[in-house]
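K.L.:
Count the sequence shown with our numbering and you get residues 163 to 756, in order.
Think of the CB as a built atom: it goes at the ideal place given N, C-alpha and C, for glycine as much as any other residue.
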Amino acid sequence: MRRVFRAFISIFVCSAVFFTLFGCQQPTTGTTTSTSAAWSYSASSPVDEVSADTLTLTITGDDLSGKVLYLAKVNPTSSAISSSYTRYVSATTGLSSNISSSSAKSITTVSDSAPESAVSDRGNIENFIPPQTFGGTESFDSVSSAERSVVTPSASVTQLEPEAGTTTKSIYIDQDSDISTFASASATCEAVGTYCYVWVVNDYLADTASGDKVNQAVAEAFAEKFDAMYPMIRNVFGDESDEIYYKYSSSGWSTEDMDMLSDTGTKVNIVIYDIGGGDSSNGSIVGYFYAKDYYPNESDLIKTSSVSYSTSDARYYSNEGKYFYIDSYFANEIIDTTYSTLAHEFQHMIDWNTKDMAQSLSPSTWYNEMMSMLCEDMMQSYLGIDDSDSPKGRLPTFNQYYRYVGLEYNSSSTSYTVVSYATAYAFGAWCARQFGGAALISKISQNDSVDTASVVNAVNAINGTNYTISDLLKMYAEACVFNTSDTSYTYPTFNQDAAQTLTYSSSSYAYPMTAVNLWNTAYEWTTSSSTYYNTASGSYELGPALYPCTSSYCYDLRPYGFTLHEIGTASSDTVTVTFSSTGASDEDMYIFVQ
163 MRRVFRAFIS IFVCSAVFFT LFGCQQPTTG TTTSTSAAWS YSASSPVDEV
213 SADTLTLTIT GDDLSGKVLY LAKVNPTSSA ISSSYTRYVS ATTGLSSNIS
263 SSSAKSITTV SDSAPESAVS DRGNIENFIP PQTFGGTESF DSVSSAERSV
313 VTPSASVTQL EPEAGTTTKS IYIDQDSDIS TFASASATCE AVGTYCYVWV
363 VNDYLADTAS GDKVNQAVAE AFAEKFDAMY PMIRNVFGDE SDEIYYKYSS
413 SGWSTEDMDM LSDTGTKVNI VIYDIGGGDS SNGSIVGYFY AKDYYPNESD
463 LIKTSSVSYS TSDARYYSNE GKYFYIDSYF ANEIIDTTYS TLAHEFQHMI
513 DWNTKDMAQS LSPSTWYNEM MSMLCEDMMQ SYLGIDDSDS PKGRLPTFNQ
563 YYRYVGLEYN SSSTSYTVVS YATAYAFGAW CARQFGGAAL ISKISQNDSV
613 DTASVVNAVN AINGTNYTIS DLLKMYAEAC VFNTSDTSYT YPTFNQDAAQ
663 TLTYSSSSYA YPMTAVNLWN TAYEWTTSSS TYYNTASGSY ELGPALYPCT
713 SSYCYDLRPY GFTLHEIGTA SSDTVTVTFS STGASDEDMY IFVQ
């Protein structure tokens with residue numbers, strides 16, 4: 163199975179997986195719970211929050227018998243909670259069976275090791291994230307203000323008027339799979355669009371598209387797709403910047419009109435070549451956006467002898483303009499995915515403006531990747547892409563491995579990175595379908611916050627609510643447990659079409675985002691190992707993983723993450739559940755009855 167990667171650059175910090183690196187929080191008090199509580203279950207009230215001081219919960223209800231009880235443990239904070247401080251069920255009465263018995267789903271055999279890398283083709287797509295600081299630190303921070311140079315070009319550069327198949331220019335492209343070294347290469351403009359130029363590096367241009375060589379027809383197809391999507395995406399996400407950083411002084415960087423430095427003006431440049439340089443013709447990265455191109459390169463950085471970019475600073479090799487890059491091999495082999503990548507990378511370019519340049523905000527990797535995958539999601543229908551080739555192809559990975567990564571970006575291994583994309587997309591996909599579709603995405607993209615605050619603020623702005631991140635995570639966990647069409651309770655769910663209240667008027671495209679049934683076989687667990695085969699259902703497991711709720715199955719609660727546990731099936735209309743006596747004060751716990 164081929165691994166496929168995509169990449170962009172923004173202001174991100176990679177996360178490590180081990181709680182010692184994350185600094186898992188300890189309980190604030192470590193107090194022992196001793197109180198008893200009661201809850202009257204009904205079909206219209208199937209969820210109860212377990213108070214931090216509750217030791218024993220008595221559940222009653224006329225139709226409780228035969229229902230299945232679940233425990234959701236949720237972390238509403240940005241720090242991981244160690245497994246040592248998550249609570250569990252120590253005893254029960256009134257249950258006929260529970261998941262720790264021999265009839266349990268086969269998830270009980272999963273070890274506490276890293277998630278397997280055997281995931282679906284789409285699930286293996288991940289983004290390469292170059293470092294925010296380009297050269298390690300801002301190159302000029304140690305220079306006195308008197309020495310800091312002002313970059314003031316006397317006039318705009320001469321603008322190109324490219325002709326397809328004729329005009330050439332030099333473009334810096336990467337030379338290794340880490341996207342850490344660059345060299346100038348000659349490229350030919352093979353397509354001129356309304357909003358873009360498509361350049362093909364000459365070494366990867368041929369009369370017939372094959373392997374890592376593309377022809378003019380491929381370039382023209384990219385220009386056509388991007389031109390059609392360009393105004394549709396801007397209608398939702400906002401605009402990319404038409405300005406470029408050009409001056410660095412004691413107060414930092416200043417901007418000027420793009421054509422001050424860019425010879426292609428405000429058009430987007432799509433550059434096609436074998437990304438990764440040193441690796442084989444099939445490459446490993448399908449595309450990326452790198453914000454280095456929004457800075458002057460070394461040649462145009464007017465400076466004193468004391469001020470200069472380091473050669474390890476990617477801005478040294480800026481192409482000075484709006485650029486993103488597509489792999490030539492994948493442009494031939496997975497054309498639908500590369501079309502979707504155009505939308506994905508363009509969102510990153512817009513986000514660089516709306517959050518970083520315009521507001522000096524620093525969005526986290528998981529948040530920015532979530533937004534790019536939602537961009538793909540809302541453009542899927544227009545592009546005619548199958549679910550398996552869309553971000554929905556990540557949901558099998560989410561179902562099986564959600565507990566390993568919360569709302570965070572973990573690059574400690576390929577497997578954890580893959581899960582990071584799956585969890586980010588799943589949360590965004592649920593929010594979009596629950597709270598407002600493209601209209602919600604637009605609010606998230608253009609509001610004055612980032613990360614969970616941005617999502618919460620957008621949900622409340624669209625819906626007139628006052629939710630917190632704890633509220634959203636509670637509902638999100640419900641959507642991962644309740645698989646029912648019962649209307650007696652307003653169940654949060656993935657399984658509904660997103661609202662279509664935002665339309666691109668020129669084409670009447672309303673950004674459809676279709677319902678997702680997490681328990682459909684399309685999203686069954688991704689491993690082919692018989693360990694995860696459920697003989698009772700005759701299939702691999704469906705839906706988000708359910709764990710036993712005993713002490714042996716306490717796991718770290720990742721930042722803004724959760725674990726889902728099956729307590730058992732009620733044998734009467736009265737059930738008691740006794741919990742462990744100590745735990746982290748910030749852990750939220752809920753009982754769900756289905």
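Going along the chain, which unbroken runs of the alpha helix (DSSP H) with 4 or more residues stay wholly within the stretch 615-674?
P.N.:
For the stretch 615-674, whole alpha helix (DSSP H) runs of length 4 or above, ordered along the chain, are 631-641.
K.L.:
Quick one: any contact between the stretch 591-610 and the stretch 655-665, if contact means 3 or more CB pairs under 8 Å?
P.N.:
In short, these stretches touch, since the Cβ pair count reaches three.
K.L.:
Indicate whether glycine 438 and aspartate 336 have their beta-carbon atoms separated by less than 8 Å.
P.N.:
Working through the sequence shown from its first residue, we reach residue 438 at position 276. Working through the sequence shown from its first residue, we reach residue 336 at position 174. Yes, the pair counts as a contact, with Cβ atoms nearer than the cut-off.
K.L.:
Just list the residues that DSSP pairs histidine 506 with in beta bridges.
P.N.:
Here the question's residue 506 lines up with position 344 in the sequence shown. Histidine 506 pairs with nothing; no bridge assigned.
K.L.:
Cα separation between alanine 347 and tyrosine 334?
P.N.:
Residue numbering aside, residue 347 sits at position 185 when the sequence shown is read from its first letter. Residue numbering aside, residue 334 sits at position 172 when the sequence shown is read from its first letter. Looking at the two C-alpha atoms, the distance is approximately 6 Å.
K.L.:
Going by DSSP, what residues sit across from serine 202 in a beta bridge?
P.N.:
The residue you call residue 202 lines up with position 40 of the sequence shown. Thr222, per the DSSP bridge assignment.
K.L.:
Give the range of the alpha helix (DSSP H) segment to which tryptophan 415 is assigned.
P.N.:
Within the sequence shown, residue 415 is the residue found at index 253, counting from 1. Counting along the chain, tryptophan 415 falls outside any alpha helix (DSSP H), though it belongs to the beta strand (DSSP E) covering 414-419.
K.L.:
Using DSSP with H/G/I as helix, E/B as strand and the rest coil, what is threonine 473?
P.N.:
On the sequence shown, position 311 is the one that residue 473 refers to. Threonine 473 falls in the coil class under three-state DSSP.
K.L.:
Is DSSP giving threonine 740 helix, strand or coil here?
P.N.:
Taking the sequence shown and counting its residues from 1, the one referred to as residue 740 is at position 578. Correct three-state label for threonine 740: strand.
K.L.:
What's the gap between the Cα of leucine 231 and the Cα of tyrosine 544?
P.N.:
If you number the sequence shown from 1, residue 231 lands on position 69. If you number the sequence shown from 1, residue 544 lands on position 382. Roughly 41 Å between the two C-alpha positions.
K.L.:
Since tyrosine 671 contacts threonine 663 with CB under 8 Å, what's their CB separation in whole angstroms?
P.N.:
Mapped onto the sequence shown, residue 671 falls at position 509. Mapped onto the sequence shown, residue 663 falls at position 501. At roughly 13 Å, the Cβ-Cβ gap does not stay under 8 Å, so tyrosine 671 and threonine 663 are not in contact.
K.L.:
Touching or not, the stretch 578-590 and the stretch 517-537, by the rule of three or more beta carbon pairs under 8 Å?
P.N.:
Cβ pair count under 8 Å is three or more, so yes.
K.L.:
Which partner residues of alanine 349 appear in the DSSP bridge assignment?
P.N.:
The residue you call residue 349 lines up with position 187 of the sequence shown. Paired residues: Lys331 and Val363.
K.L.:
By a C-beta neighbour count over all protein chains shown, 10 Å radius and 16 as the cutoff for buried, is glutamine 321 buried or exposed?
P.N.:
Along the sequence shown, read from residue 1 onward, the residue named residue 321 stands at position 159. Burial call: exposed.
K.L.:
Looking only at its own chain, which residues have a Cβ that is under 7 Å from the Cβ of aspartate 224, when we skip the five neighbours before and after it?
P.N.:
Numbered from its first residue, the sequence shown carries residue 224 at position 62. So the qualifying residues of the chain are Asp735.
K.L.:
Output needed for tyrosine 203: all residues of its chain with C-beta closer than 6 Å, excluding positions within five of it in sequence on either side, in chain order.
P.N.:
Stepping through the sequence shown from its first residue, residue 203 is reached at position 41. Answer for tyrosine 203: Ile221, Gly223, Leu226 and Val755, listed in chain order.
K.L.:
Alpha carbon to alpha carbon, what distance is there between threonine 499 and valine 354?
P.N.:
On the sequence shown, residue 354 is found 192 positions in, with the first residue counted as 1. On the sequence shown, residue 499 is found 337 positions in, with the first residue counted as 1. Whole-angstrom Cα-Cα distance: 22 Å.
K.L.:
Between asparagine 622 and the rest of its own chain, which residues show a CB-CB distance below 7 Å, the 5 nearest in sequence each way excluded?
P.N.:
Counting from one through the sequence shown, the residue named residue 622 turns up at place 460. So the qualifying residues of the chain are Asn628 and Tyr629.
K.L.:
Using CA coordinates, which residue listed in Asp548, Gly730 and Thr744 is at the minimum distance from lysine 229?
P.N.:
Residue 229 sits at position 67 when you count from the first residue of the sequence shown. Among Asp548, Gly730 and Thr744, the Cα nearest to that of lysine 229 belongs to Gly730.
K.L.:
Given a cut-off of 8 Å on the beta-carbon distance, is the pair threonine 428 and aspartate 404 in contact?
P.N.:
In the sequence shown, residue 428 corresponds to position 266, counting from 1. In the sequence shown, residue 404 corresponds to position 242, counting from 1. For threonine 428 and aspartate 404, yes; Cβs fall inside 8 Å.
K.L.:
Using C-beta distances below 6 Å, list every residue in its chain close to methionine 535, excluding the 5 sequence neighbours before and after it, in chain order.
P.N.:
Sequence index remark: in the sequence shown, residue 535 carries index 373 (1-based). Taken in chain order, the residues that qualify are Pro553 and Tyr587.
K.L.:
If I measure Cβ to Cβ from proline 458 and keep anything under 8 Å in the same chain, skipping five residues before and after, which residues do I get?
P.N.:
Taking the first residue of the sequence shown as position 1, residue 458 is located at position 296. Closer than 8 Å at the Cβ level, and outside the excluded window around proline 458, lie Val313, Ile406, Tyr407, Tyr408, Leu423, Arg477, Ser480 and Glu482.
K.L.:
If you count every other CB in all the chains shown that lies within 10 Å of the CB of glutamine 542, and 16 or more means buried, which is it?
P.N.:
Residue 542 sits at position 380 when you count from the first residue of the sequence shown. So glutamine 542 ends up on the buried side.
K.L.:
Would you tell me roughly how many angstroms separate the C-alpha atoms of asparagine 494 and alanine 234, rounded to the nearest one?
P.N.:
Numbered from its first residue, the sequence shown carries residue 494 at position 332. Numbered from its first residue, the sequence shown carries residue 234 at position 72. Whole-angstrom Cα-Cα distance: 45 Å.
K.L.:
Can you give me the C-alpha to C-alpha distance between glycine 373 and leucine 523, rounded to a whole angstrom?
P.N.:
The sequence position of residue 373 within the sequence shown is 211, counting from 1. The sequence position of residue 523 within the sequence shown is 361, counting from 1. Those two C-alpha atoms are separated by around 41 Å.
K.L.:
Hey, is the stretch 601-617 in contact with the stretch 641-654, meaning 3+ C-beta pairs nearer than 8 Å?
P.N.:
Verdict: no, contact absent.
K.L.:
According to the neighbour-count rule (16 or more other Cβ atoms, all chains shown, within 10 Å of its Cβ), is glycine 555 buried or exposed?
P.N.:
Within the sequence shown, residue 555 is the residue found at index 393, counting from 1. Buried, because 16 or more other Cβ atoms sit within 10 Å of the Cβ of glycine 555.
K.L.:
Just how far apart, CA to CA, sit valine 433 and alanine 349?
P.N.:
To locate residue 433, count along the sequence shown from 1; it is residue 271. To locate residue 349, count along the sequence shown from 1; it is residue 187. Going by the C-alpha atoms only, they are around 8 Å apart.
K.L.:
What first and last residue would you give for the alpha helix (DSSP H) that runs through glutamate 382?
P.N.:
Translated into the one-based positions of the sequence shown, residue 382 becomes position 220. Counting along the chain, the alpha helix (DSSP H) containing glutamate 382 begins and ends at 378-399.
K.L.:
Could you give the C-beta distance for valine 618 and leucine 634, rounded to a whole number, given that I count them as a contact under 8 Å?
P.N.:
Walking along the sequence shown from the start, residue 618 turns up at place 456. Walking along the sequence shown from the start, residue 634 turns up at place 472. Contact flag correct, Cβ pair sits at about 6 Å.
K.L.:
Taking only three categories from DSSP, how would you classify cysteine 716?
P.N.:
For this step, residue 716 is matched to residue 554 along the sequence shown. Coil.
K.L.:
Using 8 Å for Cβ pairs, my map puts threonine 725 next to serine 252. What's the rounded Cβ distance?
P.N.:
Along the sequence shown, one-based indexing puts residue 725 at 563. Along the sequence shown, one-based indexing puts residue 252 at 90. The pair is not a contact, with the Cβ atoms about 17 Å apart (cut-off 8 Å).
K.L.:
If you drop the 5 nearest sequence neighbours on each side, which residues of the same chain put their C-beta closer than 6 Å to that of serine 742?
P.N.:
In the sequence shown, residue 742 corresponds to position 580, counting from 1. Counting only Cβ-Cβ distances below 6 Å, and skipping sequence neighbours, we find Arg249, Tyr250 and Ser252.
K.L.:
I think tyrosine 563 touches glutamate 211, with their Cβ atoms under 8 Å apart; what is that distance to the nearest whole Å?
P.N.:
Counted from its first residue, the sequence shown places residue 563 at position 401. Counted from its first residue, the sequence shown places residue 211 at position 49. Tyrosine 563 to glutamate 211, Cβ: 26 Å. No contact.
K.L.:
Give a yes or no on whether the C-beta atoms belonging to aspartate 436 and tyrosine 491 are separated by under 8 Å.
P.N.:
Taking the first residue of the sequence shown as 1, we reach residue 436 at position 274. Taking the first residue of the sequence shown as 1, we reach residue 491 at position 329. Going by C-beta atoms, aspartate 436 is nearer than 8 Å to tyrosine 491.
K.L.:
Just to confirm the assignment, what range does the alpha helix (DSSP H) spanning methionine 541 have?
P.N.:
As a working mapping, residue 541 is identified with position 379 in the sequence shown. Taken as a continuous stretch (DSSP letters only), the alpha helix (DSSP H) holding methionine 541 covers 527-545.
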